[in-house]
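A short worksheet on the structure shown next.
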Amino acid sequence: MDRLQSMEAFVKVVEQGSFAGAADALGLSRAMVSKHVAALEDRLGVRLLQRTTRRLNLTEVGRAYFDRSRDIIHQLSEAEEAASALQSMPRGTLRLNCSTGFGVRHLAPALAAFQTQYPDLQADVTLSDRLVDIVEDGYDLVIRIGRLQDSSLIARRLAPTRLLLCAAPAYMAARGEPAHPDELPSHNFLRYTYATTSEVPLTGPGGETAAFGFAGNLACNNGDALLAAALAGQGIVMLPTFYVGNHLAEGALKVVLPQWTLPQLTIYAVYPVSRHLAAKVRLFVDFLADRFRGEPPWDACWLPAAAAE
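This is how it looks when you write it as structure tokens:
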């Protein structure tokens, strides 16, 4: 028989003062409780209880075993309660990975607000523009932008983000504003090193399509460096709106070819498959989904002004 169940039955018999009381407390038959105690005594090779027709008495060995067993049962209950609490409330350390640009602008403020609600939660955040192996690198949650390929992971959609071609008004004034994708090759592009394709498709207002490649005097693996160069009037940059939305709203950047659209990206919360998803992951993903619900802030800040032009 299960040793722990037998120990629990023995402790309950002593606490209740009878086999019948223990049976009621445990939801077992009196015969089953008796079998558990007998099995425990057989395993130990000692008698734990002296049984009379009127009462039960602990032997000397039984008293020592009861004291230890009661502590073990109590500690087990505390461990189970602690595990349940961790499953319902976010505690421990949440290991996150996110791209640098989105992490600095939007994940960090969101995480600060979340930790204000749940101060017992610790966070270990890595910001990097390289793809990571969630399981191999030990992350609880990764924020990814774009198309996902790993079907062994769970991906929850958080928000859309637009890709835009942008340039500073000073660059447009000096080099001219393109009216058609055919004019793009004559312009200087600020290129993202980790771009997954050498050509980007564009869709025109009438459904016509075009594509352009990147040619310019700056390539960099960091979106903020490219953004700084664009703001300084160095060329045209292609970045998601979570980078450039506020600069468009302020007029520091302008959309190049505003009537043409680039592929829309999606921001996902990605985490490993688990039968019992930890509360720290589940609640933070819910928090992010609610925070970015509807028109995301990086688009809401500039789209109304653009539509009015």
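Numbered continuously in full-length UniProt numbering, the sequence shown closes out at residue 309.
Even glycine gets a Cβ: it sits at the ideal position worked out from N, Cα and C.
L148 and L76 have their C-alpha atoms roughly 42 Å apart. Counting the other Cβ atoms within 10 Å of the Cβ of L190 gives 16 or more, which makes it buried. For A155, the enclosing beta strand (DSSP E) starts and ends at L153 to T161.
The distance from the Cβ of L44 to that of F10 is about 10 Å, inconsistent with a contact at the 8 Å cut-off. DSSP, read as helix, strand or coil, puts L26 in helix. Around the beta carbon of L4, a 10 Å sphere encloses fewer than 16 other beta carbons of the protein chains shown; the residue is thus reported as exposed. A Cβ-Cβ distance of about 6 Å is found for the pair Y268 and R156, placing them in contact under the 8 Å criterion. Excluding sequence positions up to five before and after A219, its CB lies within less than 7 Å of the CB of R191 and T193, all in the same chain and listed in chain order. Following the DSSP letters along the chain, one finds M238 inside the beta strand (DSSP E) bounded by residues I236 to P240. Taken through DSSP and simplified to helix, strand or coil, Y271 comes out as strand. The alpha-carbon of G204 is positioned some 26 Å away from that of L231. Judged by pairs of C-beta atoms under 8 Å, the stretch 134-148 does not touch the stretch 219-228, as fewer than three such pairs exist. Under DSSP, T203 takes part in a beta bridge, and its partners are T209 and T261.
Between L158 and L265, the CB-CB gap reaches or exceeds 8 Å. In the DSSP assignment, Q149 falls outside any alpha helix (DSSP H), carrying neither H nor E.
Put simply, the backbone Cα of F292 is about 18 Å away from that of T116. Between the alpha carbons of W298 and A195 lies a distance of about 21 Å.
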